[in-house]
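Novice: Quick one: the structure is below, and I'll ask about it shortly.
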Amino acid sequence: MTIKLKKQVIEILKILKEKGSECEASKLAAELSIDYIVLMSAINDLIEFDLGGFKEVEVNQISLNDEGRDYALNELPERQLLKILRKEKVKEIKVNDLLKKSNLEEKKYFIGLNNMKKNRWISRSKASGDDTIFLIAESYPKTKLEVFMGKLLKIKYLDFSNLSNDDKDLYDILNKRKLTEKKRRTQRILFLTNKGKKIDISKIEELKQVSKITSEMLSSGTWKDYNLKHFDVTKPGPLLKAGKIHPMVNLINEIREIFISLGFTEIRGPIIESAFFNFDALFQPQDHPAREMHDTFYLNNPKTAKLPEKERVKAVKETHENGGDSGSIGWGYEWDENIAKQTVLRTHTTSTTMRRLAQFYRNKDKTPVKVFCIDRVFRNEKLDKSHLAEFTQIEGIVIDENVNLSDLIGLLSEFYKKMGFEKIITRPGFFPYTEPSMEVSVYYDKLGEWLEMGGSGIFRPEVTYPWGIKNPTRVLAWGQGLERIAMLYYNRKDIRDLYINPIKWLRQQPY
Ligand code: PHE
Numbered sequence: 000m001t002i003k004l005k006k007q008v009i010e011i012l013k014i015l016k017e018k019g020s021e022c023e024a025s026k027l028a029a030e031l032s033i034d035y036i037v038l039m040s041a042i043n044d045l046i047e048f049d050l051g052g053f054k055e056v057e058v059n060q061i062s063l064n065d066e067g068r069d070y071a072l073n074e075l076p077e078r079q080l081l082k083i084l085r086k087e088k089v090k091e092i093k094v095n096d097l098l099k100k101s102n103l104e105e106k107k108y109f110i111g112l113n114n115m116k117k118n119r120w121i122s123r124s125k126a127s128g129d130d131t132i133f134l135i136a137e138s139y140p141k142t143k144l145e146v147f148m149g150k151l152l153k154i155k156y157l158d159f160s161n162l163s164n165d166d167k168d169l170y171d172i173l174n175k176r177k178l179t180e181k182k183r184r185t186q187r188i189l190f191l192t193n194k195g196k197k198i199d200i201s202k203i204e205e206l207k208q209v210s211k212i213t214s215e216m217l218s219s220g221t222w223k224d225y226n227l228k229h230f231d232v233t234k235p236g237p238l239l240k241a242g243k244i245h246p247m248v249n250l251i252n253e254i255r256e257i258f259i260s261l262g263f264t265e266i267r268g269p270i271i272e273s274a275f276f277n278f279d280a281l282f283q284p285q286d287h288p289a290r291e292m293h294d295t296f297y298l299n300n301p302k303t304a305k306l307p308e309k310e311r312v313k314a315v316k317e318t319h320e321n322g323g324d325s326g327s328i329g330w331g332y333e334w335d336e337n338i339a340k341q342t343v344l345r346t347h348t349t350s351t352t353m354r355r356l357a358q359f360y361r362n363k364d365k366t367p368v369k370v371f372c373i374d375r376v377f378r379n380e381k382l383d384k385s386h387l388a389e390f391t392q393i394e395g396i397v398i399d400e401n402v403n404l405s406d407l408i409g410l411l412s413e414f415y416k417k418m419g420f421e422k423i424i425t426r427p428g429f430f431p432y433t434e435p436s437m438e439v440s441v442y443y444d445k446l447g448e449w450l451e452m453g454g455s456g457i458f459r460p461e462v463t464y465p466w467g468i469k470n471p472t473r474v475l476a477w478g479q480g481l482e483r484i485a486m487l488y489y490n491r492k493d494i495r496d497l498y499i500n501p502i503k504w505l506r507q508q509p510y
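Numbering (numbering that gives the first Met the number 0), first residue to last: 0 to 510.
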């Protein structure tokens, strides 16, 4: 059988034959100035005809670290100090005086001084009273260490097991001086089989193979003369580094689709919100601790917000003071309109939900109303691996007659199931605006733990009556944390990763 190989593969075979021994793939690629991938694909062609192959070995590669490289380029501290003495033709100097001249950090200065002594360039004596240095050598040729560093700088890395005993000693010195780096790498060693070693190159035919057909080949008909390269669909393609949609945006879109498939409509609301919609409309008393500065970002500009229709504000005021027509006795304090006018960065998207209730009243909407909102909220939190000061909530409500807690549990279970979380558990919770209130946790099998995802409940009459939503019409409501879901979904352990954008992780994300 005649062997047909591409021109480049024949070239590489020739080079391997000339070398006569095994060689390391990335070194050969560098030597020939060809791409590593091109070289390995040529080796694959050789493997196909049993002419060559490669084996993988693990090696410890040593190289200079940043500081080591800096010294290799700009001299070790001992050489820097020597240069000062020689330039100023000083044979004798006080230790402290040289320190001042040297511009070196004290620690590095003394390291330099010790090494000058080790190199037998200087002696040090306190005989005259002051700690003094004397230049004692005749000449100062490059030390073995300096030569070794120069070599490491030039060839970037060395295979530790190939070092001579002398070089190993030098490496030890550098290592003790913390100027090195060691990395485990897999190397590919290329070799020729006996068949490859024996084959007569002149007997190999050149394969005219193309991987692409051009329009010229088509119009001239020459495409028929070419051998078309077969694609091996089982091999991974090269890593593409093109732009793509951020995983968080992908996740948001997925959540959007789930709610839309359940018959919901998306709503949005302002980030700069009135305390009225963020707190008061939610029956949170004006001295509620959640309103305090440590939790809420209050704004100076704009300092006040507009309130909705006067009679609606009055309805909220009365609910706070005496329960209004909700059947409650209210909080029993004097409600202050000015506090409600304060502006805040919304602390939850429930404020946007409240705007939807106001719209419901204004438009005399018909039930059912099913809306959701996925948007940013802000809290004055200390950042750590599970807290952000700016995060995203997945909020939603259903306004309908006779809806109850089972409907709410069913809805949230359905949502999490569609997200891929099969098991959810609900526990009693507390929010000033829902009764009953529920916390939702999902089971995370990787950790074998229940993780809390957010709150939910049925809005209290004190929240819905001011907007004309009265028994048996009720509002089911929930607010879940998007980033919590994202951490589980994308298997990230630190919530901050989602926004500091670890590039390696982003590149691994699908398109
Ligand atoms: N607003 C609550 C939070 O930010 C979540 C929630 C929304 C709870 C709606 C009940 C009803 O934690």
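We treat Cβ as the ideally placed atom computed from N, Cα and C, and that holds for glycine. Note that the structure is predicted; figures quoted are calculated from it, not measured.
1. Specify, as a first and last residue, the run of the beta strand (DSSP E) that D399 falls within.
2. List the whole-angstrom C-beta distance separating V37 from Q186, where the pair is believed to meet the contact cut-off of C-beta under 8 Å.
3. Rounded to whole angstroms, what is the Cα-Cα separation between E91 and Y498?
4. I believe L411 touches I423 by the beta-carbon criterion, under 8 Å. Please report the beta-carbon distance rounded to the nearest angstrom.
5. I need the DSSP call for Q208, collapsed to helix, strand or coil.
6. May I ask whether a heavy atom of the ligand PHE can be found less than 7 Å away from the beta carbon of S385?
7. My parser needs the beta strand (DSSP E) runs of 3 or more residues fully inside the segment 219-298; what are they?
8. Quick check: is the beta carbon of L356 nearer than 8 Å to any beta carbon in chain D?
9. Give me the Cα-Cα distance between F109 and N164, rounded to the nearest whole angstrom.
10. For N59, which residues does DSSP report across the bridge?
11. Three-state secondary structure (DSSP) at I132?
12. Note down, in chain order, each residue of its chain lying with its Cβ closer than 7 Å to the Cβ of L382, except the 5 sequence neighbours on either side.
13. In whole angstroms, what separates the C-alpha of V58 from that of A476?
14. Where does D496 sit, in a helix, a strand or coil, going by DSSP?
15. Which whole runs of the alpha helix (DSSP H) in the segment 396-446 are 4 residues long or more, in chain order?
16. Our contact map puts S442 next to L487 with C-beta atoms below 8 Å; I'd like the distance itself, whole angstroms only.
17. On the three-state DSSP scale, how would you describe V343?
18. Find out if the Cβ-Cβ distance for the pair N60, D158 is shorter than 8 Å.
19. Go ahead and pull the three-state DSSP assignment for I373.
20. Just tell me which of K116, K194, I172 and L356 has its CA closest to the CA of Y464.
21. With a threshold of 6 Å on Cβ separation, who are the neighbours of G467 within its own chain once the five nearest residues in sequence on each side are excluded?
22. How about W330: is its Cβ closer than 7 Å to a heavy atom in the ligand COA?
23. Taking only three categories from DSSP, how would you classify T142?
24. Closer than 8 Å is the cut-off here; do at least three beta carbon pairs connect the segment 93-105 with the segment 116-134?
25. Comparing C-alpha positions only, which one of L404, A485 and V368 sits nearest to S385?
26. Roughly how many whole angstroms lie between the Cα atoms of R426 and G454?
Specialist: Taking the definition as stated:
1. E389 to E400
2. About 18 Å separates the two Cβ atoms, so there is no contact after all.
3. 58 Å
4. 7 Å
5. strand
6. no
7. 271-273
8. Looking for chain D here will not work: only one protein chain is present.
9. 28 Å
10. R183
11. strand
12. A388 and R495
13. 59 Å
14. helix
15. 404-417
16. According to the sequence displayed, residue 442 carries Tyr and not Ser. Wrong, their Cβ atoms sit about 10 Å apart, outside the cutoff.
17. strand
18. With the sequence shown as reference, residue 60 is identified as Gln, and Asn is not the correct amino acid for it. Yes.
19. strand
20. L356
21. Y360
22. Ligands displayed in this structure: the ligand PHE; the ligand COA is not among them.
23. coil
24. yes
25. A485
26. 10 Å
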